[in-house]
Every structure is written in structure tokens, then in C-alpha cells.
Amino acid sequence: MTARPAAGSAAPTRRTRRPRSKKAAKEQALAVDELLARQWPDARCELDFTTPLELLVATVLSAQTTDKRVNQVTPTLFRRYPDAAAYAGAPREELEEVLRPLGFYRAKAASLQGLGAALVADHAGEVPDTLEELVKLPGVGRKTANVVLGNAFGIPGITVDTHVGRLARRLGWSREKDAVKVEKDIAALLPPQEWTMACHRLIFHGRRVCHSRKPACGACVLAEVCPSFGEGETDREKAAALVTV
DNA sequence: ATCCCGAGGG
DNA sequence: CCCTCTGGAT
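Read in this note's numbering, the first sequence has 181 at position 181, and its numbers run on one by one without any break.
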């Protein structure tokens with residue numbers, strides 16, 4: 001435990017707000033979640049799928065690729081490879097041809113083959129519904145596993161991708177850069193039933209407003225509750241944001 | 001040039 | 001921790 005300055009004393013000048021109580025932190029997180037829910041009522045998983053296997057495959061393919069482009073290849077993919085065994089037995093070149101527009105197509109083709117083989121070998125061809133089992137599958141990391149849990153099985157999962165990690169830090173929810181630690185920090189702030197949708201909202205917001213390089217703070221509904229408001233903008237933009245608010 | 005809801009390997 | 005895998009949009 002490190003000593004903290006007494007409340008109300010001449011506060012040390014720091015960029016971030018002084019440490020809040022656990023209760024206040026949770027209230028801020030809930031407020032953020034509600035504001036984002038209002039702003040992005042259509043936030044959801046944007047990958048097209050009808051089964052856990054389809055979502056698992058689509059999520060593996062979504063690495064460094066837009067969901068829109070994944071959705072362009074998955075109809076062909078799902079028709080051609082209807083089950084885990086089909087991916088395991090697919091000719092490598094045939095798989096690569098379908099995946100080529102996505103980027104990383106050789107690695108992704110290998111992932112899908114290995115994934116199909118592992119599902120057949122260890123799970124009777126079915127997609128497991130626990131984090132531990134999912135992350136053991138080749139090509140499936142913690143982020144992919146949580147997407148499948150939350151969106152195919154309805155099991156609360158926190159998806160820490162580039163957006164969720166960045167927004168969690170800007171919102172003061174975490175100071176960590178390690179995704180697993182960020183996940184724990186978010187888990188302590190929001191109730192499990194909010195986890196999956198909260199992540200979708202954070203991702204929507206990250207893509208449309210809270211950009212990595214040039215966040216549009218002037219257009220952000222979280223301006224009043226965000227400890228990072230105004231950071232990362234040019235002076236001109238900061239001034240514009242202030243007069244707009 | 002930089003960015004996309006990453007994962008695995010060195 | 002870094003690097004690589006990859007291509008299309010902006």
C-alpha cells in the first residue's frame with residue numbers, strides 16, 4: 001500500500017484524476033456504459049454467423065481485417081466447409097484461395113486446418129464453451145475465445161482488443177497494457193451481464209469517435225466523465241472542442 | 001503512410 | 001519484449 005495524499009489537501013498536480021474510491025469508480029464505469037448504450041444502440045458483433053463454429057472461424061479470420069471483409073468470404077467458406085472435419089481435410093491451396101482477400105491468408109488457412117483437426121481430435125468436432133478449452137485451440141487466443149463465449153454461448157466475456165484496451169486506459173479503468181490485466185480491471189468495474197455488450201459499445205466508440213491517434217473529443221458523449229478528455233488532439237482541435245462543449 | 005476487434009514464435 | 005504474417009481501404 002502506498003500512502004495517498006489526504007482528501008482535500010493541496011492535490012498533487014497530475015494528468016490523471018486523483019484515485020477515486022472503488023464505489024466512485026464503479027459508478028463512473030456504469031455511467032460510461034449507459035451513455036455508450038444510448039449512443040450506440042445497435043452495437044453488436046458485426047461478424048455474420050449462425051453457429052458457434054461459424055463465429056469461431058469468422059473471429060479467427062478477423063485478425064487485422066475489417067469485419068465487413070470477413071463477411072464477404074464467409075458465405076463461400078461456410079458453404080464449402082460445413083463442419084470441423086471439413087476444415088481439417090481441406091486442401092491448403094483451396095483454403096488459401098478463399099482467404100486471400102483477408103490478408104495473412106497462409107497463416108489463417110493453417111489456423112483453420114489446425115483448428116478443425118483439434119476440434120475433431122479433442123472435442124468430437126464441437127466448439128467447447130469454456131475459456132480454458134478455447135484458448136488451447138490453435139489460432140485461438142484469449143480475445144477470440146471471449147468473443148465466442150459472449151456472442152455464441154451467452155457466457156459473459158470481456159473482449160480486450162486494441163479498442164477496448166485503449167479506451168479502458170483513457171477512461172481511467174486500467175493503467176495496464178497487458179490485455180489480461182485490463183480484462184481483470186474491467187471485470188472489477190462492471191457487472192458480468194454487461195461485459196459482452198459493454199465491449200461492443202467500447203469497440204463501436206473506439207472505431208467511430210475515440211480513435212487511436214486523433215480522438216474526436218469534441219464529438220464525444222463521454223467528455224464530462226472522461227479523465228483523458230482533450231488529450232491527443234492538436235491545439236486547434238482542442239479549442240474547437242471546448243467552444244463546442 | 002496508416003489502419004484494420006490478433007496470434008504465435010523467437 | 002519484439003517480430004512476422006498479409007492485403008485492401010483511406
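We treat Cβ as the ideally placed atom computed from N, Cα and C, and that holds for glycine.
Which stretch, first to last residue, makes up the alpha helix (DSSP H) that contains A109?
-> Position 109 of the first sequence holds residue 109. For A109, the uninterrupted alpha helix (DSSP H) run begins and ends at Y105 to H123, by DSSP.
Touch check for the stretch 51-65 and the stretch 225-232: three-plus C-beta pairs under 8 Å?
-> no
CA-to-CA distance, G206 to H163, given in whole angstroms = Against the first sequence, residue 163 aligns to sequence position 163. Against the first sequence, residue 206 aligns to sequence position 206. Going by the C-alpha atoms only, they are around 5 Å apart.
Tell me whether S174 is buried or exposed, calling it buried when 16 or more other Cβ atoms sit within 10 Å of its Cβ.
-> If you number the first sequence from 1, residue 174 lands on position 174. Flag for S174 reads buried.
Separation of G125 from E96, as counted between CA atoms | Here the question's residue 96 lines up with position 96 in the first sequence. Here the question's residue 125 lines up with position 125 in the first sequence. Taking the straight line from one Cα to the other gives about 22 Å.
What number of angstroms, rounded off, separates the C-alpha of R20 from the C-alpha of L202?
-> Counting from one through the first sequence, the residue named residue 20 turns up at place 20. Counting from one through the first sequence, the residue named residue 202 turns up at place 202. Each residue's alpha carbon lies about 22 Å from the other.
At least three beta-carbon pairs within less than 8 Å, the stretch 175-192 to the stretch 145-163 | yes
Take every Cβ of the stretch 112-128, pair it with every Cβ of the stretch 42-58, and state whether three or more of those distances are shorter than 8 Å.
-> Between the stretch 112-128 and the stretch 42-58 there are three or more C-beta pairs closer than 8 Å, enough to call the two in contact.
Just reading off the alpha helix (DSSP H) that D129 is part of, what are its end residues?
-> Indexing the first sequence from 1 puts residue 129 at position 129. Element bounds for D129: n/a, residue is neither H nor E.
Excluding the 5 residues preceding and the 5 following G141 in the sequence, name in chain order all residues of the same chain whose CB lies nearer than 7 Å to its CB.
-> The residue labelled residue 141 in the question sits at position 141 within the first sequence. Counting only Cβ-Cβ distances below 7 Å, and skipping sequence neighbours, we find V135.
What separation, rounded to the nearest whole angstrom, lies between the Cα atoms of M197 and D42?
-> Looking up residue 197 in the first sequence gives position 197. Looking up residue 42 in the first sequence gives position 42. Spanning the two alpha carbons is a distance of roughly 10 Å.
For T74, three-class secondary structure by DSSP | Within the first sequence, residue 74 is the residue found at index 74, counting from 1. Here DSSP, grouped into helix, strand and coil, assigns T74 to helix.
What does a CB cutoff of less than 7 Å around E231 pick up in its chain, not counting 5 residues either side in sequence?
-> Here residue 231 refers to the residue found at position 231 when the first sequence is read from its first residue. So no residue of the chain qualifies.
In three-state terms, what does DSSP make of T246?
-> What the structure shows of the chain is the stretch from 1 to 245, and residue 246 is not part of that stretch, so it cannot be assessed.
Count the other CB atoms within 10 Å of the CB of E194; is the residue buried (16 or more) or exposed (fewer)?
-> Here residue 194 refers to the residue found at position 194 when the first sequence is read from its first residue. With 16 or more other Cβ atoms within 10 Å, it is buried.
In the DSSP assignment, find the alpha helix (DSSP H) that holds C199 and state where it starts and stops.
-> Here residue 199 refers to the residue found at position 199 when the first sequence is read from its first residue. Looking at the DSSP string, the run of the alpha helix (DSSP H) that includes C199 is P192 to R208.
Start and end of the alpha helix (DSSP H) containing D185?
-> By one-based count along the first sequence, residue 185 stands at place 185. For D185, the enclosing alpha helix (DSSP H) has its first and last residue at A179 to A187.
On the three-state DSSP scale, how would you describe K22?
-> Sequence index remark: in the first sequence, residue 22 carries index 22 (1-based). DSSP places K22 in helix when its eight states are reduced to three.
Apart from the five residues just before and just after C45, which ones in its own chain have a Cβ nearer than 6 Å to its Cβ?
-> Here residue 45 refers to the residue found at position 45 of the first sequence. If we look at C45 and ignore the five residues flanking it on each side, its Cβ neighbours are N151.
Same chain, Cβ closer than 6 Å to A117, neighbours up to 5 away in sequence not counted = Numbered from 1 along the first sequence, position 117 holds the residue referred to as residue 117. Here the set comprises A88.
Whose CA, out of L189, F104 and L47, lies closest to the CA of A58?
-> Mapped onto the first sequence, residue 58 falls at position 58. When only C-alpha atoms are compared, the closest one is L47.
Taking the continuous alpha helix (DSSP H) assigned at P101, which residues delimit it?
-> In the first sequence, counting from the first residue as 1, residue 101 sits at position 101. That residue, P101, is in no alpha helix (DSSP H); it is neither H nor E in DSSP.
Assumed close pair F229, C210 - CB separation to whole angstroms, cut-off 8 Å | What you label residue 229 is simply residue 229 of the first sequence in a count that begins at 1. What you label residue 210 is simply residue 210 of the first sequence in a count that begins at 1. 11 Å between Cβ atoms; not a contact.
Cβ pair L137, L149 closer than 8 Å = Counting from 1 along the first sequence, the entry for residue 137 is found at position 137. Counting from 1 along the first sequence, the entry for residue 149 is found at position 149. No. Outside cutoff.
Measuring alpha carbon to alpha carbon, tell me which of I186, V98, Y81 and P101 ends up nearest L115.
-> In the first sequence, residue 115 corresponds to position 115, counting from 1. Nearest of I186, V98, Y81 and P101 to L115, Cα basis: Y81.
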